[in-house]
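Visitor: Each residue of the sequence shown is one higher than the one before, starting from 18 at the first, in the numbering used here. Take a look at the following structure, please.
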Amino acid sequence: MSRSRTALSAVLLSLSAIVALPAPAAAVPVPIPTAPTCVAAADNPDGAAGMAAQCGTEVEVLSERTETSQVFAQPDGTMEAVTSLYPTQVVKNGVWTDVNTDLRLSGGVTPVATSADVRFSTGGADPMVTLTEGAASIRIKSPWNLPTPSLNGDTATYPNVLPGVDLQLRAEPDGFSQYLVVNTPAAAANAELARIAFPIEASGGASIRENESALEVVDAAGNVLFASGSALMWDADGAGDEGADSAPGRTAEMDVEVGAHELVVVPDQALLTASDATFPIYIDPAFSKPSMGGNWTHTNSCSPGTSFYTSYRSELRVGRQWNTSCKWRAYMRFDTAQLAGATIQAAEFAVTADHVANCAGANTNLLFRNNISAMNTATWNSTSSGNVQTIGTEKFDANESSCPSGDQKKVYDDGSAKVLEGRMQSQANARASQTTFALISSDEGDHMGWSNFIPGSVALIITYNHTPTVPTSLKITTDCGISCAWVRSGTPTLSAVAADPNGGTLARVEFEVYDRARASRKAASGTAVSNRASGQAAAWKVTPALPEGAYSWRVRGCDAYVCGGWGGWFDFTVDTTAPTNVSVTSAEYPPASDGTWNGGAGQAGTFAIGASGANRFELTLNGVNKGWVNTTGDVWTGALTPDRDGVNLLTARAADAAGNVAGSPFTYEFLVRPVPAKAIGWGFNEATGTTAASDPAGTTLDSKAGPAARVAGKNGGYALNLDGASAWASTQPVVDTKTPFTVTALVKLTSTTVSGPITAVSSHGATGSGFRLGYRAEGWCFSMYAADGGAETKACSTESVGTGWTHLAGVYDGTRLRVYVNGLNWEEADQVPFTSTWSATQGWSVGRAKDAGALTQYWTGAVDRVGAYQKALTQSEIVTDGAKG
């Protein structure tokens with residue numbers, strides 16, 4: 018620990034030490050070299066703990082660093098927190114920097130690196146002290162024009178601000194100290210020392226307020242940014258050569274008046290004019306920045322109502338002061354929030370004595386006491402009770418001037434007593450965010466016990482370990498059935514995410530499997546799952562294999578010292594037996610072996626599918642997989658719709674909740690009665706003439722325009738040869754376009770490049786077409802219309818676009834349009850939703866369409882067989898149609 022001081026004075030006279038309030042610092046990134054692997058610090062607990070274990074040395078956790086504390090991951094998985102009373106490092110320009118209180122000229126007189134944003138005057142009318150915290154700023158001005166200061170280390174001296182009176186401003190690790198040094202009786206008699214008014218300027222919501230005998234600088238929300246103890250003055254009786262840091266002779270508390278624009282200090286005239294006063298006399302109005310990590314004060318029995326929070330900040334005063342009856346006690350508060358819930362492995366309190374009156378040494382007690390939340394208002398009276406437990410006693414004999422003996426460091430409770438460790442465990446259990454200690458002389462009546470300790474040497478060093486958290490993300494990762502509540506193997510793999518708040522590696526993750534009553538353990542991982550990274554999934558394959566039955570499992574994480582709590586129970590059932598005796602029955606569609614024809618294509622029937630031990634079935638009808646259906650028992654009952662007449666095949670595969678599947682699918686064959694439906698075809702096999710007969714007869718097509726030319730058909734015979742101006746038609750309707758129908762045609766394009774849609778087959782209303790089957794820029798299209806002449810809905814496909822023979826089928830099934838090309842329909846692109854609301858009853862054309870009352874969209878190319886069906890053909894039926902000539 019480096020020696021440091023904590024007085025940050027901001028108001029001259031009794032403003033001797035103003036100290037800035039460090040925020041609980043977010044981690045400042047520190048570049049970590051990639052090589053070598055082992056480095057001194059890592060960004061987060063996981064990285065630090067992992068590196069410490071790998072490298073066998075402690076590694077700092079940068080995300081836990083504050084101005085007053087550091088946390089180090091240890092190789093054994095524990096953490097060590099070192100907390101001091103003073104800032105040891107601060108953030109400058111985004112980088113952690115060692116505290117350096119030396120002053121320099123840089124935009125004013127400023128320290129190199131301290132916790133407080135403080136600036137001293139360069140002389141003249143420049144504000145004496147400027148304190149800034151965020152947007153809030155206080156500027157304290159001198160009542161006198163200041164000379165140019167001389168700088169010596171951390172101190173700026175402004176000589177003779179009044180005759181024989183110097184002003185000293187000193188940078189502290191967390192603020193500043195300020196003294197008026199009255200050097201002679203003549204200087205003390207100056208009338209300007211009767212009442213000293215310091216002008217104040219504030220911005221950003223900052224202001225100064227009184228709190229009991231102390232002063233506080235607050236922001237607009239009332240948060241304390243800087244604080245002072247009581248405003249004091251003292252003479253140099255027994256001061257030695259340490260100036261303002263020397264032990265005082267007589268001390269007096271001064272009155273302070275706070276206004277909106279002025280801070281007034283009223284020195285004690287009795288002390289200033291005392292004939293036996295020893296000069297110099299120090300007038301010390303002080304502010305300090307309360308530290309979030311550690312904070313301290315000392316109290317004096319001779320001034321029981323006075324706060325010494327910002328006085329004598331170079332030393333912790335303990336015991337009866339030399340040659341006086343005044344007793345001093347020191348109080349220190351530490352931030353211990355990071356220990357909440359932890360197990361304390363070790364605890365030490367280190368402090369170094371700078372001076373002890375007795376060369377033979379004197380004993381000083383360390384006590385745990387009730388927390389002091391506001392150190393700047395603590396006095397002898399307010400702290401006289403509340404000391405709870407003596408942690409230990411150490412003997413110090415430091416006395417460089419008389420004995421001589423140099424500074425002496427001692428550590429409380431570093432042996433087997435473990436008193437401090439026990440007390441810190443109680444604090445951790447209570448999740449106490451702050452912990453306060455006291456240093457008190459073992460014999461406060463003996464001035465030989467008068468002792469001074471170095472504030473910057475104080476360190477609370479705690480080695481702690483947080484219990485691993487309850488694991489999360491419990492799951493079974495293998496052999497699951499419909500859910501992982503059922504598994505089909507006696508050796509499933511269990512998985513969970515175990516984590517340690519300290520990061521690093523867990524010593525082991527323990528899994529246990531019990532019977533469902535959770536009374537008898539059936540399997541346990543023991544130490545099999547070890548050295549798992551914190552926060553990552555750990556898995557264990559159950560060993561030995563579990564027989565069929567119902568079970569529960571749980572898991573916990575363990576580090577090298579302690580195991581965390583068990584997670585919740587995860588219930589599962591082991592079932593390794595597949596379903597048997599699959600069967601299918603249906604009253605509407607009995608088995609083909611009965612020899613009866615029933616129902617019809619498109620007519621649903623009820624089927625009962627069962628198997629012993631099953632809870633779901635996979636169904637396939639005529640080669641089309643229908644997916645899995647679930648049931649709560651061994652039988653599923655539901656509707657299935659055959660999609661064709663004749664022989665239909667239904668296969669059923671049974672599975673249970675654990676995912677066991679019956680060995681072979683069960684096949685059920687049944688007969689579907691063919692349903693007569695209107696079907697008309699035109700083969701165009703007449704070699705010559707202007708008519709084309711239908712099959713069955715009765716719906717003859719006549720050549721309506723252009724030559725009645727023929728070319729060779731696709732499958733032999735003839736086909737129509739249309740030139741873009743000719744067509745064949747009938748005035749009578751062929752199909753009802755309001756109900757399901759199918760139209761097919763064998764077509765051949767002269768060219769795939771067209772200027773607009775051309776139509777192979779269509780039906781007509783008074784104004785427009787009811788449907789059109791043809792070709793356009795989008796490819797092969799089947800379209801229908803919302804009304805006679807209404808909006809178009811089309812299904813198109815780009816499959817097999819070319820000048821060869823192509824079989825087209827347009828299907829309307831009552832809810833959607835589908836276009837088939839050479840017997841294929843590509844689902845997403847080739848079908849669209851549509852419901853017809855009208856019938857086109859005024860004619861039928863091959864080779865043209867009707868639009869806005871005019872005949873248009875004449876076909877260029879050949880047309881072979883055309884078919885019309887008053888039903889929605891199935892794919893297999895469409896393929897059969899395409900084979901016809």
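In this text, a Cβ means the ideal position worked out from N, Cα and C, and glycines have one as well.
Please identify the residue among Ala857, Ala618, Thr295 whose C-alpha is closest to the C-alpha of alanine 803.
Guide: For alanine 803, the nearest C-alpha among the options comes from Ala857.
Visitor: Let me make sure I understand the geometry here. Which of Cys420, Thr480, Ile499, Leu511 has the alpha-carbon closest to that of serine 490?
Guide: Selected option, being the one with the closest Cα: Leu511.
Visitor: Please report the distance separating the alpha-carbon of glycine 640 from that of glycine 616.
Guide: Cα to Cα, glycine 640 sits roughly 20 Å from glycine 616.
Visitor: Pick from Ser817, Lys731, Lys901: whose alpha carbon is nearest that of threonine 769?
Guide: Ranking Ser817, Lys731, Lys901 by Cα distance to threonine 769 puts Ser817 first.
Visitor: Looking at the structure shown, is serine 167 part of a helix, part of a strand, or coil, going by DSSP?
Guide: It is a strand residue.
Visitor: Let me know the secondary structure DSSP gives serine 743 once reduced to three states.
Guide: Here serine 743 sits in coil by DSSP.
Visitor: Report all residues from its chain with a CB closer than 6 Å to the CB of alanine 253; omit the five preceding and five following residues, and keep chain order.
Guide: Thr295, Pro297.
Visitor: Please classify aspartate 496: does DSSP put it in a helix, a strand, or coil?
Guide: Reduced to three states, the DSSP call for aspartate 496 is coil.
Visitor: By DSSP's criteria, serine 422 is part of a beta bridge. Which residues make up the other side?
Guide: Serine 422 is bridged to Asn416.
Visitor: Quick check: does the Cβ of valine 135 come within less than 8 Å of any heavy atom belonging to the ligand ATP?
Guide: In the structure on display, the ligand ATP does not appear, and there are no ligands present to speak of.
Visitor: Could you name the residues of the same chain whose beta carbon sits closer than 6 Å to that of alanine 567, not counting the 5 residues immediately before and after it, in chain order?
Guide: So the qualifying residues of the chain are Arg533, Thr590.
Visitor: Taking the DSSP output, what are the residues bridged to isoleucine 471?
Guide: Paired residues: none, contrary to the question.
Visitor: In this structure, how does DSSP classify isoleucine 478 when only helix, strand and coil are distinguished?
Guide: Isoleucine 478 falls in the strand class under three-state DSSP.
Visitor: If we count Cβ pairs, one from each stretch, closer than 8 Å, do we get three or more for the segment 857-870 versus the segment 764-779?
Guide: Segments in contact, yes.
Visitor: Counting only runs that start and end within the segment 581-652, where is the beta strand (DSSP E) found for 3 or more residues in a row?
Guide: DSSP runs (the beta strand (DSSP E)) wholly in the segment 581-652: 587-591, 597-602, 622-629, 633-638, 641-647.
Visitor: Please classify tyrosine 578: is it buried, with 16 or more other beta-carbons within 10 angstroms of its beta-carbon, or exposed?
Guide: Burial call: exposed.
Visitor: Could you check whether serine 800 and leucine 834 sit closer than 9 Å to each other, using their CB atoms as the reference points?
Guide: Contact flag set, yes.
Visitor: For serine 194, count the other beta carbons within 10 Å of its own beta carbon; 16 or more makes it buried, fewer makes it exposed. Which is it?
Guide: It counts as buried.
Visitor: Ordered along the chain, which non-local residues of its own chain (more than five positions away) have a Cβ less than 6 Å from that of tryptophan 161?
Guide: So the list reads Val178, once near-sequence residues are dropped.
Visitor: Can you name the start and end residues of the beta strand (DSSP E) that valine 436 belongs to?
Guide: Per DSSP, valine 436 belongs to no beta strand (DSSP E); it is in the alpha helix (DSSP H), 436-446.
Visitor: So what's tryptophan 570 in DSSP terms, helix, strand or just coil?
Guide: The answer is strand: DSSP assigns tryptophan 570 an E or B state.
Visitor: Quick check on the DSSP output: the alpha helix (DSSP H) that includes asparagine 312 runs from which residue to which?
Guide: Where asparagine 312 is concerned, there is no enclosing alpha helix (DSSP H), although the beta strand (DSSP E) it sits in stretches over 311-317.
Visitor: Once DSSP output is grouped into helix, strand and coil, what is the label at glutamine 362?
Guide: Glutamine 362 falls in the strand class under three-state DSSP.
Visitor: Suppose the cutoff is 6 Å on Cβ atoms and the five residues either side in sequence are ignored; what does the same chain contact list for glycine 466 look like?
Guide: Answer for glycine 466: Gly336, Ala379, Ser458, Asp460, listed in chain order.
Visitor: DSSP three-state label for cysteine 376, please.
Guide: Coil at cysteine 376, not helix or strand.
Visitor: Whole-angstrom Cβ separation of histidine 824 and glycine 840, contact assumed at under 8 Å?
Guide: Their Cβ separation, rounded to whole angstroms, is 7 Å, which keeps histidine 824 and glycine 840 in contact under 8 Å.
Visitor: Within 10 angstroms of its Cβ, does glutamate 411 collect 16 or more other Cβ (buried), or is it exposed?
Guide: So glutamate 411 counts as buried.
Visitor: Taking the DSSP output, what are the residues bridged to threonine 407?
Guide: DSSP output for threonine 407 lists Leu384 as bridge partner(s).
Visitor: Opposite glycine 827 in the DSSP bridges: which residues?
Guide: The partner list for glycine 827 (beta bridge, DSSP) reads Val760, Val836.
Visitor: If we ignore side chains and look at the alpha-carbon of each, how far apart do leucine 739 and alanine 762 end up?
Guide: Their Cα atoms are separated by approximately 14 Å.
Visitor: Where glycine 409 and valine 436 are concerned, what is the direct C-alpha to C-alpha distance, given to the nearest angstrom?
Guide: When rounded, the distance between both Cα atoms is 8 Å.
Visitor: In terms of alpha-carbon separation, which member of Leu289, Glu150, Arg267, Lys558 lies closest to alanine 206?
Guide: Cα-wise, what sits closest to alanine 206 is Leu289.
Visitor: From what residue to what residue does the alpha helix (DSSP H) around threonine 776 run?
Guide: First-last for threonine 776: 775-781, but that is the beta strand (DSSP E), not the alpha helix (DSSP H).
Visitor: CB threonine 759 to CB tyrosine 875, shorter than 9 Å?
Guide: No, Cβ-Cβ distance for threonine 759 and tyrosine 875 is not below 9 Å.
Visitor: Going by DSSP in three states, isoleucine 895 sits in which element: helix, strand or coil?
Guide: Correct three-state label for isoleucine 895: helix.
Visitor: How is threonine 127 classed by DSSP in three states: helix, strand or coil?
Guide: It is a strand residue.
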